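Undergrad: Quick note on numbering: the first sequence equals residues 6 to 362 in this note's numbering. Shown below is the structure under consideration.
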Amino acid sequence: MTNKEHLLEKYGIEMWSDEKIIAFRKALLDWYDQEGRDHLPWRLNKDPYRIWVSEIMLQQTQVKTVIPYFLRFVSLFPSVQALAEADEEVLLKAWEGLGYYSRVRNMQVAAQQIMTEYNGVFPDKPEDIIQLKGIGPYTSGAIASMAFGLPEPAVDGNVMRVFSRLFEIGEDIAKPATRKLFELLVRIVIDPDRPGDFNQAIMDLGTDICGPVNPRPEESPIREFNAAYKNGTMALYPFKSKAKKPVPIDLHGLVVRQGDAYLMEKRPTGGLLGDFWTFPLVDTVTEENKIGSFKHVFSHRRWQVTVHLLEDETNFTPEENMKWVLEEEFADYAFAVPQQKMWEIVRKYDEKKYKSL
DNA sequence: CAATCGTGGGA
DNA sequence: TTCCCAAGATT
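If you want it as structure tokens, here you go:
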């Protein structure tokens with residue numbers, strides 16, 4: 006017994022016959038040719054650079070959100086070389102508001118890897134692609150199949166959802182180990198003649214017809230292959246264990262202002278909002294002059310921030326990672342959303358004060 | 001493996 | 001309000 010058969014048996018999965026696999030590919034790809042989203046800007050051609058940029062942006066992020074960022078990004082940095090040589094602040098600015106900011110820093114490291122190790126030419130072997138910083142199993146498979154036509158699985162949440170219903174697989178898709186099972190299934194079922202289209206077709210299907218909420222399996226081009234649909238067990242799949250709740254954290258944002266200059270702090274590389282600029286955020290305050298508050302929810306943290314305005318006579322002591330920045334220079338600094346919320350509170354406070362004078 | 005790392009939108 | 005969700009990778 007082969008490893009593959011052993012794994013399938015372990016999870017009680019009966020693989021389809023060769024005839025059924027071929028029929029599945031045809032049903033899926035015929036639908037994709039008619040209904041697939043061929044308008045997405047990263048499907049314009051098979052440029053591995055553009056596909057790479059899109060796949061990084063699309064990690065945990067919706068298509069609708071990504072499109073404007075993608076167009077701006079490939080315009081600012083049209084090539085691997087341009088990205089490798091990009092100024093850090095300009096680069097972060099291009100990602101501002103998109104979230105998961107280590108993605109863009111990792112991408113620049115990978116671009117520099119490609120310049121030095123591959124002479125600027127995007128590597129076309131899966132074992133090389135996955136060595137690039139920020140590229141894991143999913144993104145590697147996506148690039149290999151879509152840009153280079155290799156029969157590699159690209160298993161994301163869509164693929165696990167679709168396949169868990171097709172084969173009635175109850176494994177917890179939140180667990181890292183589960184992905185390997187789905188990679189095996191995709192390796193067996195993927196169309197060797199159109200692997201990129203196959204992977205994208207599954208994802209297009211998983212976005213709408215086979216979505217996480219209110220799926221419409223009766224409209225699916227592959228409903229005849231859907232064991233959960235035929236057995237009336239759609240509601241059971243996929244199984245996903247619940248995420249932990251974000252931890253509540255109280256913070257104080259200190260808007261230290263002298264004339265048009267504001268004290269800004271650069272957050273440490275690698276951490277939350279790493280390398281982005283904010284008004285100083287502290288746990289406790291000695292001086293208090295509240296002008297507003299807001300909350301901001303991350304995946305694992307819930308910030309409740311009280312904003313204070315400290316002007317002129319403040320005795321706040323700047324630290325090493327801080328500097329004075331003029332308001333007119335703000336456009337040159339990368340601000341994540343919490344900083345934009347703080348700035349909005351300051352603007353409204355000043356506006357109200359101005360009107361009352 | 002489990003924790004970390006954003007943000008916006010919909011039910 | 002609260003919860004869940006979206007084309008995951010790193011440590």
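By construction, the Cβ of each residue, glycine as well, lies at the ideal position given by its N, Cα and C atoms. Remember, it's a predicted structure, so these values are computed and weren't measured experimentally.
(1) Which residues bound the beta strand (DSSP E) around D255?
(2) Would you be able to state if there are at least three C-beta pairs under 8 Å between the stretch 173-190 and the stretch 244-254?
(3) My output table needs one value for T316: the three-state DSSP class, helix, strand or coil.
(4) Taking contact to mean at least 3 C-beta pairs separated by less than 8 Å, is the stretch 217-230 in contact with the stretch 30-37?
(5) Does DSSP put E101 in a helix, a strand or coil?
(6) For the 8 Å Cβ check, are there 3 or more pairs between the stretch 189-196 and the stretch 159-175?
(7) Below 6 Å CB to CB, which residues in the same chain sit around K346 once its five sequence neighbours on both sides are set aside?
(8) So, are the CB atoms of M112 and G139 less than 7 Å apart?
(9) Relative to the C-alpha of Y16, which candidate in E93, L186, V109 and P73 has its C-alpha closest?
(10) Just to confirm, is the Cβ distance from A155 to F230 under 7 Å?
(11) Can the beta-carbon of T144 be found less than 7 Å from the beta-carbon of E60?
(12) From M269 to W329, what does the alpha carbon distance come to, in whole angstroms?
(13) Which parts of the stretch 271-354 are runs of the beta strand (DSSP E), unbroken and 3 residues or longer, counting only runs that do not cross its ends?
(14) Where DSSP assigns a beta bridge to F244, which residues make up the other side?
(15) Between which two residues does the alpha helix (DSSP H) harbouring W36 extend?
TA: This is what the structure holds:
(1) Looking at the DSSP string, the run of the beta strand (DSSP E) that includes D255 is V252 to Q263.
(2) yes
(3) Note that residue 316 is Glu in the sequence shown here, rather than Thr. Of the three classes helix, strand and coil, the one that applies to E316 here is strand, per DSSP.
(4) yes
(5) coil
(6) yes
(7) F299
(8) yes
(9) Ranking E93, L186, V109 and P73 by Cα distance to Y16 puts L186 first.
(10) First, the residue type needs correcting, since residue 155 is Leu and not Ala in the sequence shown. Not in contact: L155 and F230 (Cβ atoms no closer than 7 Å).
(11) Contact flag set, yes.
(12) 6 Å
(13) List check, beta strand (DSSP E) in window: 295-302, 306-316 and 327-331.
(14) D177
(15) D23 to E40
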